[in-house]
Amino acid sequence: MSNIRITKKFSFETGHALYGYDGKCKNVHGHSYKLSVTVIGSPIENRNDVKFGMVIDFTDLKKIVKEEIVDQFDHATVFNETTPHVELAEELKNRGHHVILVDYQPTSENMVIDFSKRIMSRLPENIRLFSLKLQETESSFAEWYASDNL
Numbered sequence: 045m046s047n048i049r050i051t052k053k054f055s056f057e058t059g060h061a062l063y064g065y066d067g068k069c070k071n072v073h074g075h076s077y078k079l080s081v082t083v084i085g086s087p088i089e090n091r092n093d094v095k096f097g098m099v100i101d102f103t104d105l106k107k108i109v110k111e112e113i114v115d116q117f118d119h120a121t122v123f124n125e126t127t128p129h130v131e132l133a134e135e136l137k138n139r140g141h142h143v144i145l146v147d148y149q150p151t152s153e154n155m156v157i158d159f160s161k162r163i164m165s166r167l168p169e170n171i172r173l174f175s176l177k178l179q180e181t182e183s184s185f186a187e188w189y190a191s192d193n194l
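Here our numbering is used: the first residue of the sequence shown is 45, the next is one more, and so on.
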């Protein structure tokens, strides 16, 4: 049977700051992120399966990514928990803001690595994560490929 790649696109708004960075992104700011999730597998051959002919139901993929990424990161501010930004994070939390503390510098590169782990942990056994593309701006993005991470 042939392997087929299936891609679903998502978007969410997230703020962040890059502690110690030498440019404008050291300041708290936000992006309208676009995330493309591509999985690979063989279409289901069992004619009695309601998902006959599908690699994965787009609705099932959407549920995974929505729960693991979009619902958590949309309209949140992400800070590295090992920097002084943790003080700002606590102040924002105390004022009712949605803040996520991570153990990495919240660059697109590191976020896409985090997202790959979250998504892979939820995929059905017969489906593999092929790639992720996290677009931060119209012209800037980070990509993760399974083949680069064997």
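Ideal Cβ positions, reconstructed from N, Cα and C, are used throughout, including at glycine.
Nearest to residue i (by Cα), restricted to the options the options
i: T126; options: V146, I88, D118, V99; result: V146
i: V109; options: S46, E169, E135, K161; result: K161
i: K52; options: E131, K78, S86; result: K78
i: H129; options: I171, N71, A190; result: N71
i: I84; options: R91, M45, E135; result: M45
i: D104; options: D192, I171, R91, N90; result: I171
Euclidean distance between Cα positions of residue i and residue j
i: F102; j: K137; result: 34 Å
i: S175; j: T121; result: 25 Å
i: E169; j: H73; result: 38 Å
i: I50; j: I88; result: 13 Å
i: T181; j: C69; result: 13 Å
i: D192; j: Y65; result: 27 Å
i: G67; j: G140; result: 29 Å
i: S184; j: E135; result: 31 Å
i: S165; j: Y148; result: 19 Å
Burial state of residue i (16 or more Cβ within 10 Å)
i: I48; result: exposed
i: E57; result: exposed
i: V94; result: exposed
i: F96; result: exposed
i: D115; result: exposed
Same chain, Cβ closer than 6 Å to residue i, neighbours up to 5 away in sequence not counted
i: A186; result: S152, E153, V156, L178
i: F117; result: F56, T58
Local conformation of residue i per DSSP, three classes
i: A186; result: strand
i: S86; result: coil
i: V130; result: helix
i: N92; result: coil
i: T151; result: coil
i: V99; result: coil
i: S55; result: strand
Beta-carbon proximity list for residue i, same chain, < 8 Å, skipping 5 on both sides
i: F123; result: H60, A61, Y63, H129, V130, L132, A133, V143, I144, L145, V146, P150
i: I163; result: V81, I108, V109, E112, I113, L173, L176
Residues near residue i in its chain [Cβ-Cβ closer than 7 Å; skip 5 each side]
i: M98; result: P87, I88
i: K106; result: K52
i: H119; result: E57, H142
i: W188; result: V156, I157, S160, S175, L176
i: N35; result: The question about residue 35 has no answer here: the residues shown for the chain are numbered 45 through 194.
i: S76; result: S55, E57
i: L194; result: none
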